[in-house]
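Heads up, the thing below is written out as structure tokens.
2 protein chains.
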Amino acid sequence: MDGVIKVGFFGCGNVGGGVYRLMNGFAKEIAHRTGLRFEVKKVLVRDVNKKRDVELPQEVLTSNVNDLLEDEEISIILEFLGGEEPAYSYLLAALQHGKTVVTANKVAFALHWHELQKAAKESGAGLYYEAAVCGAIPIIHTIEDSLQANRIDRLYGIVNGTTNYILTRMSKEGEEYADVLKDAQRLGLAEPDPASDVEGLDAAYKLSILASLAFHGRVPFENVYVEGITGVQAEDIRCGQELGYTLKLLAIAKREGLKVETRVHPTFIRDDHPMANINGAFNAVYLNGHACGEMMFMGRGAGDLPTASAIVSDLIRAASAPKHCYPTFENDLYPTVSLENNTDWRCSFYVRMLAQDQPGVLSSVAKTFADHNVSIAAMQQKGEVKNGRVTLVFITHAAYEKEMQAAVKEITPDVATVESLLRVEED
Amino acid sequence: MDGVIKVGFFGCGNVGGGVYRLMNGFAKEIAHRTGLRFEVKKVLVRDVNKKRDVELPQEVLTSNVNDLLEDEEISIILEFLGGEEPAYSYLLAALQHGKTVVTANKVAFALHWHELQKAAKESGAGLYYEAAVCGAIPIIHTIEDSLQANRIDRLYGIVNGTTNYILTRMSKEGEEYADVLKDAQRLGLAEPDPASDVEGLDAAYKLSILASLAFHGRVPFENVYVEGITGVQAEDIRCGQELGYTLKLLAIAKREGLKVETRVHPTFIRDDHPMANINGAFNAVYLNGHACGEMMFMGRGAGDLPTASAIVSDLIRAASAPKHCYPTFENDLYPTVSLENNTDWRCSFYVRMLAQDQPGVLSSVAKTFADHNVSIAAMQQKGEVKNGRVTLVFITHAAYEKEMQAAVKEITPDVATVESLLRVEED
Chain W
1 MDGVIKVGFF GCGNVGGGVY RLMNGFAKEI AHRTGLRFEV KKVLVRDVNK
51 KRDVELPQEV LTSNVNDLLE DEEISIILEF LGGEEPAYSY LLAALQHGKT
101 VVTANKVAFA LHWHELQKAA KESGAGLYYE AAVCGAIPII HTIEDSLQAN
151 RIDRLYGIVN GTTNYILTRM SKEGEEYADV LKDAQRLGLA EPDPASDVEG
201 LDAAYKLSIL ASLAFHGRVP FENVYVEGIT GVQAEDIRCG QELGYTLKLL
251 AIAKREGLKV ETRVHPTFIR DDHPMANING AFNAVYLNGH ACGEMMFMGR
301 GAGDLPTASA IVSDLIRAAS APKHCYPTFE NDLYPTVSLE NNTDWRCSFY
351 VRMLAQDQPG VLSSVAKTFA DHNVSIAAMQ QKGEVKNGRV TLVFITHAAY
401 EKEMQAAVKE ITPDVATVES LLRVEED
Chain H
428 MDGVIKVGFF GCGNVGGGVY RLMNGFAKEI AHRTGLRFEV KKVLVRDVNK
478 KRDVELPQEV LTSNVNDLLE DEEISIILEF LGGEEPAYSY LLAALQHGKT
528 VVTANKVAFA LHWHELQKAA KESGAGLYYE AAVCGAIPII HTIEDSLQAN
578 RIDRLYGIVN GTTNYILTRM SKEGEEYADV LKDAQRLGLA EPDPASDVEG
628 LDAAYKLSIL ASLAFHGRVP FENVYVEGIT GVQAEDIRCG QELGYTLKLL
678 AIAKREGLKV ETRVHPTFIR DDHPMANING AFNAVYLNGH ACGEMMFMGR
728 GAGDLPTASA IVSDLIRAAS APKHCYPTFE NDLYPTVSLE NNTDWRCSFY
778 VRMLAQDQPG VLSSVAKTFA DHNVSIAAMQ QKGEVKNGRV TLVFITHAAY
828 EKEMQAAVKE ITPDVATVES LLRVEED
């Protein structure tokens with residue numbers, strides 16, 4: 001056929017199969033809307049003889065990456081290998097060969113953005129990565145393009161479906177973390193090795209990408225503070241609910257003046273915050289820009305077709321673009337923007353402790369807090385006295401993380417033992 | 428200055444002032460990110476001597492549209508006049524003069540899209556209208572571009588802030604429509620003449636634009652069924668709440684096979700639907716695509732800076748585009764897509780009636796419904812018997828609008844009088 005754009009796939013698992021089906025099933029509409037026709041010419045796989053769900057012609061399969069890199073007809077590569085290597089090396093080689101890349105690979109991208117963008121610029125190839133963050137939600141393009149007249153000062157993301165599913169179940173059914181995780185694994189909603197999700201790494205990769213775009217300053221993955229949900233207890237979710245809060249694994253990015261902070265951790269937000277209603281495997285990003293004000297974008301963050309929606313839209317964009325664009329960062333414009341590791345920040349806190357049931361205990365705790373500039377916004381006693389001890393739950397006003405940590409360390413067992421310390425975002 | 432892009436304004440009220448402030452206040456960032464510099468060369472106003480909030484140099488003001496049309500240095504026109512005329516004639520003339528247009532004008536656009544796009548294509552000018560629908564929310568570009576690999580089959584919009592504010596207040600405080608409207612007018616949240624908002628016309632203009640893009644088939648404004656909120660009673664909101672529903676003025680567009688339906692009316696949705704939590708003056712669009720699945724976009728639908736966020740992003744896009752794109756409709760591809768006036772559709776219904784308190788009444792009502800293929804999903808008696816009559820509230824399963832209307836007409840006063848009939852979307 002004349003004018004057909006030849007593309008190659010790196011990998012063809014679940015997402016690759018979805019992309020192949022969407023490209024074929026929607027080819028007529030794509031051609032009518034955009035005038036573009038695509039053909040998948042070669043697909044790099046580990047084992048060309050493996051049985052696959054998707055009906056690929058046998059002759060397009062190859063296990064040799066050079067079959068794609070050296071095929072001059074292939075102008076665009078779609079990558080679904082995932083993980084850092086060999087994906088990164090292959091992507092870099094593709095860009096160096098002048099091939100435009102569309103990728104869903106958050107890890108390779110978050111870790112090697114600089115090198116990939118440099119290679120793309122040098123060869124004039126395009127680099128498209130909408131699907132790397134939040135699946136079907138077009139958050140990358142929205143920040144880069146539709147909100148480009150904004151100075152974004154904060155961004156909250158629920159960017160990992162597995163942890164949001166687990167926390168939603170814990171919140172609605174009062175179950176403990178370990179039980180829900182097992183169930184999620186049984187249902188295929190959590191990986192057999194769930195570490196990257198439940199320890200917050202997956203969210204941190206995505207936050208590094210989102211924060212870099214939102215603040216127009218590269219925020220390396222290493223600069224994101226990460227804490228997962230493995231230590232979350234059902235009792236804290238319940239105590240928070242009684243105070244009007246919902247617990248979410250939030251990816252938080254803030255820029256105040258020239259200081260940037262990025263952190264991923266379990267966070268209490270108010271029940272009436274729009275993000276509190278993002279449940280199950282859904283993802284969402286909430287942000288505030290100086291012109292647009294508060295916005296929220298919600299959708300499916302994973303799955304073959306939702307991810308394919310972002311990839312095929314990127315593919316059409318890449319194939320239609322008269323020239324490719326790359327984000328510009330402001331680190332040059334404002335070189336004083338701090339992108340150092342952030343280990344301190346201000347937020348409110350939730351503290352649960354088992355306190356001695358005797359006079360003076362509350363005043364002792366309050367004094368320890370006050371010594372570290374932590375002031376108490378609310379306090380509740382939970383349940384009955386047991387073995388001479390009683391559960392107290394505090395919500396503080398905004399305080400510095402380091403001061404709060406220091407205060408908690410100073411509370412001695414003869415007064416109380418701190419059972420949980422969780423962060424609260426009141427915005 | 429070299430390489431400065433000269434733009435003209437049609438109008439300079441609230442939104443125009445916001446755009447001027449954003450263009451100036453953010454000029455350094457825009458230049459760094461995109462390499463573009465803009466200068467507002469001429470501003471068309473009715474009275475050049477009127478005192479304005481925004482500090483425009485006196486020499487840029489003119490009351491003669493030809494001063495802009497015939498200025499060959501001006502390549503882009505931003506339009507803030509609003510309404511059909513003279514805005515439409517001016518926009519058309521600008522496009523015919525080869526000037527790219529960025530507009531926030533939903534009325535001129537919904538009514539004359541075809542002519543505007545034709546003029547733009549003929550002269551090669553660009554036509555950008557992100558701000559015409561939902562203020563800061565980039566819903567136009569998202570549907571056109573980021574979700575272009577999708578067949579969208581339904582879309583729900585809360586696209587009018589005034590009515591959403593009124594319904595939110597009625598829902599939260601139990602107040603009646605007329606009282607909240609008065610208050611909203613006092614607070615500047617409703618116009619002195621609120622007809623276009625409260626009667627649903629504003630929402631219908633926007634729905635005509637959104638449905639055309641979502642379904643890739645022009646849906647004229649005249650084809651949108653419109654019913655506003657002027658008849659909404661606090662009692663129905665309360666009865667709906669007791670059954671787990673929230674009342675919203677929804678702009679609804681559905682495409683099933685080749686049939687398109689578009690309607691604006693007060694609609695009950697389930698409390699746990701993401702749209703049920705869009706409160707106050709916020710706007711939101713919820714949609715479902717065959718690949719992306721369910722998505723929701725929330726943000727500020729009005730106001731000077733939120734609207735300016737969309738306009739200035741469009742301006743940057745227009746100035747950077749190597750060539751301008753126009754949406755392609757599928758009416759040609761699938762000429763059988765029905766875009767006729769839709770006067771019938773299927774949905775669930777909420778019916779409140781005052782029924783005689785005597786045996787056989789419920790069976791009589793149920794029989795009348797059944798005769799018209801309406802089946803009852805839930806029924807509740809509300810409150811005590813008064814003057815021998817009792818309030819009954821029904822929720823039906825999905826039924827045809829025309830059959831439901833016919834059933835209601837057949838219920839005679841000796842059985843019951845129907846006080847309210849509202850539509851319910853269960854999706």
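Chains W and H, in that order, are what the protein sequence lines are.
Numbering-wise, the working numbering puts 238 at position 238 of the first sequence, and it's gapless, one number per residue.
For the working numbering, count along the second sequence from 1 and bump the result up by 427.
Using N, Cα and C, we set each Cβ at its ideal position, and we do this for glycine too.
{"Item": "Taking only three categories from DSSP, how would you classify LEU760 (chain H)?", "Value": "Any reading at LEU760 (chain H) needs caution, since the residue's pLDDT is 49, under 50, leaving its predicted position unreliable; the model's value is listed next. Looking at LEU760 (chain H) - three-state DSSP - the assignment turns out to be coil, as it is neither helix nor strand."}
{"Item": "Any Cβ of chain H within less than 8 Å of the Cβ of THR162 (chain W)?", "Value": "no"}
{"Item": "Checking contacts by CB at 8 Å: is VAL102 (chain W) closer than that to chain H?", "Value": "no"}
{"Item": "Kindly list the residues whose CB is nearer than 7 Å to the CB of LEU760 (chain H), restricted to its own chain and excluding five residues on each side of it in sequence; keep chain order.", "Value": "Bear in mind that a pLDDT of 49 at LEU760 (chain H), under 50, signals an unreliable position, so the model cannot answer this."}
{"Item": "Am I right that GLU84 (chain W) and ALA108 (chain W) are in contact with their C-beta atoms under 8 Å? What's the rounded C-beta distance?", "Value": "6 Å"}
{"Item": "Return the bridge partner residues of LEU92 (chain W) from the DSSP annotation.", "Value": "Looking at the DSSP assignment, LEU92 (chain W) forms no beta bridge with any residue, so it has no partner."}
{"Item": "Whole angstroms is fine: what's the gap from LEU91 (chain W)'s alpha carbon to TYR286 (chain W)'s?", "Value": "31 Å"}
{"Item": "Along the region 447 to 466 of chain H, what residues have a CB closer than 8 Å to any CB found in chain W?", "Value": "LEU449, PHE453, LYS455, GLU456, ILE457, HIS459, ARG460, THR461"}
{"Item": "Put PHE453 (chain H) into one of helix, strand or coil per three-state DSSP.", "Value": "coil"}
{"Item": "Taking Cβ-Cβ distances shorter than 7 Å, what residues in chain W pair up with VAL393 (chain H)?", "Value": "With chain H running from 428 to 854 in the structure shown, residue 393 (chain H) is simply not present."}
{"Item": "For VAL4 (chain W), which residues in the same chain have their Cβ closer than 8 Å to its Cβ, ignoring the five residues on either side in sequence?", "Value": "ARG37, PHE38, GLU39"}
{"Item": "Assuming ILE593 (chain H) and VAL607 (chain H) make a contact with CB atoms under 8 Å, what is their CB distance in whole Å?", "Value": "5 Å"}
{"Item": "Would you mind stating whether THR62 (chain W) and LEU78 (chain W) have Cβ atoms separated by less than 8 Å?", "Value": "no"}
{"Item": "So is ALA416 (chain W) buried or exposed if we call it buried at 16+ other beta carbons inside 10 Å?", "Value": "buried"}
{"Item": "What does ARG300 (chain W) reach in chain H if we use C-beta pairs closer than 9 Å?", "Value": "CYS719, GLY720, GLU721, MET722"}
{"Item": "According to DSSP, is VAL529 (chain H) helix, strand or coil?", "Value": "strand"}
{"Item": "Label ALA531 (chain H) either buried or exposed according to how many other C-beta atoms from any shown protein chain fall within 10 Å of its C-beta, with 16 as the threshold for buried.", "Value": "buried"}
{"Item": "Please identify, using Cβ separations under 9 Å, the residues of the region 629 to 643 of chain H that lie next to chain W, in order along the chain.", "Value": "HIS643"}
{"Item": "Could you list which residues in chain H have their beta carbon closer than 7 Å to that of ALA136 (chain W), in chain order?", "Value": "CYS719, GLY720, MET722"}
{"Item": "Inspect the beta-carbon positions of TYR20 (chain W) and VAL54 (chain W) and report whether they are closer than 8 Å.", "Value": "yes"}
{"Item": "Span of the alpha helix (DSSP H) holding LEU422 (chain W)?", "Value": "LEU422 (chain W) -> not in any alpha helix (DSSP H); beta strand (DSSP E) instead, spanning 416 to 425."}
{"Item": "Quick check on GLU410 (chain W): does DSSP put it in helix, strand or coil?", "Value": "helix"}
{"Item": "Buried or exposed: which applies to ASN160 (chain W), given that a residue is buried once 16 or more other Cβ atoms fall within 10 Å of its Cβ?", "Value": "buried"}
{"Item": "Given a threshold of 16 other Cβ atoms within 10 Å of its Cβ, counted over all protein chains shown, does ASP271 (chain W) qualify as buried or as exposed?", "Value": "exposed"}
{"Item": "Can you give me the Cβ contacts of ALA559 (chain H) inside the same chain, cut-off strictly under 7 Å, excluding the 5 residues immediately before and after it?", "Value": "THR530, ALA531, ASN532, LYS533, PHE536, ILE636"}
{"Item": "Decide if the region 551 to 571 of chain H is in contact with the region 663 to 682 of chain H; the criterion is three or more beta carbon pairs, one per stretch, under 8 Å apart.", "Value": "no"}
{"Item": "Taking 8 Å as the threshold, find out whether the region 289 to 302 of chain W comes into contact with the region 711 to 728 of chain H through three or more Cβ pairs.", "Value": "yes"}
{"Item": "Please look up how many angstroms separate the CB atoms of MET702 (chain H) and ALA708 (chain H), rounded, as I've assumed it's under 8 Å.", "Value": "The Cβ separation is near 15 Å, so there is no contact."}
{"Item": "Quick one: grab the DSSP three-state call for GLY588 (chain H).", "Value": "helix"}
{"Item": "Taking the alpha carbon of GLY444 (chain H) as the point to measure from, which residue in H:PHE648, H:VAL817, H:PRO733, H:VAL778 has its own alpha carbon closest?", "Value": "H:PRO733"}
{"Item": "Take MET428 (chain H) and list the residues in its own chain whose beta-carbon comes closer than 6 Å to its own, dropping the five residues that flank it on each side.", "Value": "Residue placement at MET428 (chain H) cannot be trusted, given a pLDDT of 41 that sits under 50; the coordinates are not used to answer."}
{"Item": "Alpha helix (DSSP H) containing PRO306 (chain W): first to last residue?", "Value": "304 to 320"}
{"Item": "Determine, using beta carbons only, whether ASN277 (chain W) comes closer than 8 Å to chain H.", "Value": "yes"}
{"Item": "When the Cα of ASP414 (chain W) is compared with those of W:GLU235, W:ARG389, W:GLY135, which residue comes out closest?", "Value": "W:ARG389"}
{"Item": "Report yes or no: do the region 367 to 374 of chain W and the region 215 to 225 of chain W share at least 3 C-beta pairs separated by less than 8 Å?", "Value": "no"}
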